[in-house]
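The structure appears below as structure tokens.
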Amino acid sequence: MIPIKNVVLLGANGTMGAGSGEVFAAGGCDVVFLARTVDKAHEGLVTAQNMAKSARIADRISVGTYEDDLEEAVSKADLIFEALAEDIELKKQFFTRVDKCRRADSIVATVSSGLSIAEMAHGRSETFRRNFLGIHLFNPPSVIVGTEVIPHTGTDPKLTKEIVALLESRFGRIAIVTDDKPAFAGNRVGFKVLNEVAQLAEKHGVAFMDYLIGPYTGRAMSPLSTVDLVGWDVHKAIVDNVHVNTKDEAHDMFALPAYMDELISRGHLGNKTPQHGGFYRRVKEGNQTINLVLDPKTGGYKDSRDAGAAKLPFVEKIRDLHRVGRYADAMKMFTTAEGAEADLARKVVFGYVSYGLNRVGDREVVRSPRDVDRIMGFGFNWAPPTVLVDVIGLKETIKALEQYSLPVPKVLQQAKPGERLFTEPHVNVGRFFAA
Amino acid sequence: MATPIYVLGGYQTDFARNWKKENKHIVAMMREAALGGLEATGLEPKEIDVGHVGNFAAELYAMQGHLGAFLVDIDPSFSGLPTARHEAACASGSIAILAASAEIEAGRYDLAMVVGVEQMKTVDPGRGADFLGTAAWYDREAKGIEFPFPKLFGRLGDEYDKRFGLKDEHLAHISTINYSNAKRNPLAQTRSWYMTEDHARSTDKFNSVIGGRIKISDCSQVTDGAASLFLASEKAAAAYAKKRGIKLESIPKLLGWGHKTAPIEFDAKVAESKGNPYVLPHTRQAILDAFKRAGIADCWGVDAIETHDCFTTSEYMAIDHFGLTKPGEAWKAVEDGTIEMGGKLPINPSGGLIGCGHPVGSTGTRQVLDAYKQVTGQCGEYQVDGAKKVATLNIGGSGTTSVAFVVG
């Protein structure tokens, strides 16, 4: 692989574009931020400065436009990094243009969070195809270090390996290799859970589901708040893509709930559309901010003081145990709590363990449980599946999986009792269990 | 030292964590450090004879005192364990180590658990800085002053400037080295932060002046963290070694210690050191005492130093006080690479307080734990090749309480 010194960034004004640019500039590359206008590219530069908390990162960044500067910048680039909108036709148009002016040894990467890498490479030159792969950074890249590297069948295998090593050593990433399958590993596993919770919200309510599958189950943020943060349009694109293009044991859980589809068509995209909101919405009444929560049954919003979740004793007890660092005791209570609510929570959480570890295998998305663990832990900030198994216990986990008719992943079938499955060094597993 | 104190190991929490965001009580941090240390050393809770906690201001930051008692909460076998909490501002962790080792030397106990801990991200930076002001003479030096400690350590720089001359570019380089080292430390708070020499030299909205000549890049961090350490008598260490089939000599020791306290007011310190080649002579003496007790002639008898860089000026001071250069010539060791990784005497391979982080009451135990990891070759990417002896310097207040150790 050629040394990476000069980077060109396509789509520099978007959050992922500016954030990716910051990562490359911080790693010592000279980066050209390209956008439709110089002003837009400059906006990206300012975003990068704010992410780095340094004005001086701009010393490594120059700005330009697609119209005036793309050909010259790409001809000098060692890495062309594409962070345009998640529109495969748009991406392909740009790649056609890039292919005409890039050096044959340059590397081309896309930050796409789940579109087909092979499809993007289709029709491109032989050297383009060999040097093309996905480098999926998570938002915001300056904070979230989990990264997926996705080769297509024509990618030089040596390049994949070297990119992973480089991302880890020079750019501070925790990187995994995934197959070129819809949504890759992190979003496949993560959005299965997010969409399942969105489906369940129709019957059980938004606030209730976010409370039931809240941070105490091993995540930094509750699921439906996460969907609001990500954006409903992005959520839809990801689950639709998986739903159409895969068939696995959780196929139905990727069906976008009809209420979400309807609200998206009316402009409800989550935090990015504050006037409409998503699962949650804030409105000002005089000097007061009122927090509203969606009622999926009607599509209307209710005051969260009236529509909030009633506290459940078992959840509160688990949170109290997490608060004082008794994670194993807390998760023991999680596995033994009685009642329909506890059953529902376990179905989702053990469903995550099962689905995540079932994506491991020769014909699956990743080769090793460590890959799923790393991307869920450091891309999503969720307790990695094997951390949950270690804390809960292997026997107890398998028993729960069987109880909820969830497939027992091979890695759990083959594990020895007492063996610790999560072996990532220097990680405090307690960080995954918020109270 | 007359009676050897063995270091069996310990555990550090990830200093990048924000425990308020995790909605955790300070006991969770102590628990992770203690249980992590027990696992790392392979010790059973029932083997521990005594527990010591180093902490500066949990009453202020976490509305919680009596931290020694929280050790008992960690494991049923700790019920009845004699415990105590020790406070000497930013040197609290080292004072807890001294107390534990004194008890072992006195023959009272054979195996001590020391936990240094501080939770600081519970309040906004201004309020936190006011709490830190209680490490100075609060009424005289901190009350009503915004960010009192950066100003006090800015004045340490000013005193160097007055006596010997001081260039801010040397302070910027010290900061850059610490950030750079922290990138190799998987438990360092700033391991993924952006920092360059250009940034450290610049003064703008991203690197504003906090007090006097001290800018953001000159400061250590507001950190949540804990580090445990397990200390043993020769009898306990011998049993520990036998059980594991290792040689007693392979277990590192606290080879020497030094402990001095200067007048608490910064002006009084400066007045006292007038005419002395060293700006903080008591700090110098604490280092010399540690060297003497360790049977080391000077700083060149150690392979690395973990020092107290609460600000770049304190590391600048430490360079000549450790004797790497003549007084006032610390800039030479900054310029010629002596203190960098791969240099003649690396300082703060961990990233120090600037790069690794500064959970106040935990810093002393974190430093000695890092010294232990260095001499046992467990530092991974921030390992100083072949380190046999490592010195630490932990300072409370504006150069007030100084504690130095040599581990090897």
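One line per chain: the protein sequences are B and S, in this order. Here the first sequence is numbered in the working numbering, starting from 1 and rising by one per residue. Here the second sequence is numbered in the working numbering, starting from 436 and rising by one per residue. A virtual CB, placed ideally from N, CA and C, is assigned to each residue, including glycine. These numbers come from a predicted model, not from an experiment.
From this set, S/TYR614, S/SER785, S/VAL819, S/LYS597, which residue's C-alpha is nearest S/ALA635's C-alpha?
S/TYR614
Which same chain residues, not among the five before or five after S/MET752, have their C-beta less than 8 Å away from its C-beta?
LEU591, TYR595, VAL714, LEU715, THR718, ALA765, GLY834
Please classify S/THR438: is it buried, with 16 or more other beta-carbons within 10 angstroms of its beta-carbon, or exposed?
exposed
Going by DSSP, what residues sit across from S/ILE782 in a beta bridge?
S/ILE740
Quick check: is the beta carbon of B/ASN433 nearer than 9 Å to any beta carbon in chain S?
It should be noted that the sequence gives Phe, not Asn, for residue 433 of chain B. At least one chain S Cβ lies under 9 Å of B/PHE433.
Which ranges would you report for the beta strand (DSSP E) in the segment 796-842 of chain S if only whole runs of at least 3 residues count?
825-831, 836-842
Would you kindly check if the distance between the Cβ of B/ASN241 and the Cβ of B/GLY114 is under 9 Å?
yes
Where B/GLU424 and B/THR178 are concerned, what is the direct C-alpha to C-alpha distance, given to the nearest angstrom?
18 Å
Going along chain S, which residues have a C-beta under 7 Å from B/ARG103?
None at all; the shortest Cβ gap to chain S is about 28 Å.
Determine, for S/PRO621, whether the minimum Cβ-Cβ distance to residues of chain B falls below 9 Å.
yes
Taking just the CA atoms, how far does B/PRO215 sit from B/LYS399?
Roughly 24 Å between the two C-alpha positions.
Would S/HIS694 and S/CYS525 be called neighbours here (beta carbons separated by less than 9 Å)?
no
Taking a Cβ distance cut-off of 7 Å, strictly less, list which residues of the segment 462-475 of chain S are near chain B, in chain order.
VAL462, ALA463, ARG466, GLU467
What separation, rounded to the nearest whole angstrom, lies between the Cα atoms of S/ILE651 and S/ASP484?
43 Å
Compare the C-alpha of B/PRO151 against each of B/SER142, B/VAL145, B/GLU162 and name the closest.
Selected option, being the one with the closest Cα: B/GLU162.
How should S/MET776 be labelled, buried or exposed, when 16 other C-beta atoms within 10 angstroms of its C-beta is the threshold for buried?
buried
Against chain C, does B/GLY339 count as a neighbour if the rule is that its beta carbon must be under 9 Å from one of theirs?
No chain C appears in this structure, whose protein chains are B and S.
Considering only their Cβ atoms, is the gap separating S/MET555 from S/PHE469 smaller than 9 Å?
Reading off the sequence, residue 469 of chain S comes out as Ala, not Phe. No, the Cβ-Cβ distance between S/ALA469 and S/MET555 is not below 9 Å.
Exposed or buried, S/GLY489, counting other C-beta atoms within 10 Å across all chains shown (16 or more means buried)?
buried
Please look up how many angstroms separate the CB atoms of B/PRO369 and B/LYS395, rounded, as I've assumed it's under 8 Å.
The Cβ separation is near 18 Å, so there is no contact.
Using a C-beta to C-beta distance shorter than 9 Å, which residues of chain S count as neighbours of B/ALA55?
HIS634, SER637, ASP639, LYS640, PHE641, ASN642
Beta-carbon of S/ASP653 versus every beta-carbon of chain B: anything under 9 Å?
no
Would you identify the three-state DSSP class for B/HIS122, choosing helix, strand or coil?
coil
Quick check: what's the CA-CA separation for S/PHE701 versus S/LEU587?
7 Å
Measuring only the C-alpha atoms, how far is S/THR773 from S/VAL644?
S/THR773 and S/VAL644: Cα-Cα distance of roughly 28 Å.
Find the residues of chain B that neighbour S/TYR629, judging by a C-beta separation of less than 7 Å, and give them in chain order.
ALA26, ALA52, LYS53, SER54, ILE57
Would you list, in chain order, the members of the segment 420-432 of chain B that have their beta-carbon closer than 8 Å to a beta-carbon of chain S?
Answer in chain order: PRO425, HIS426, VAL427, ASN428, GLY430, ARG431.
Rounded straight-line distance, which links the Cα of S/ALA697 to that of S/ALA706:
11 Å
Closest Cβ-Cβ distance between S/ARG452 and chain B: below 9 Å?
yes
Bounding residues of the beta strand (DSSP E) (the contiguous stretch that carries S/GLY515):
No beta strand (DSSP E) contains S/GLY515, which DSSP labels as neither H nor E.
Can you grab the Cα-Cα spacing for the pair B/THR147 / S/LEU473, in whole Å?
For B/THR147 and S/LEU473, the distance between alpha carbons rounds to 33 Å.
Answer yes or no: does any C-beta atom of chain S fall closer than 9 Å to that of B/ALA220?
yes
Give every residue of the same chain whose Cβ lies closer than 6 Å to the Cβ of B/ARG323, excluding the five residues on either side of it in the sequence, and list them in chain order.
ALA435
Can we count B/GLY44 as close to the ligand HEM, meaning its CB is less than 8 Å from some heavy atom?
The ligand HEM is not among the ligands present in this structure, which contains no ligands whatsoever.
Specify whether the segment 655-667 of chain S and the segment 531-548 of chain S touch according to this definition: at least 3 beta carbon pairs, one from each stretch, less than 8 Å apart.
yes
Looking at the unbroken beta strand (DSSP E) that takes in B/ASN358, where does it start and where does it end?
Element bounds for B/ASN358: n/a, residue is neither H nor E.
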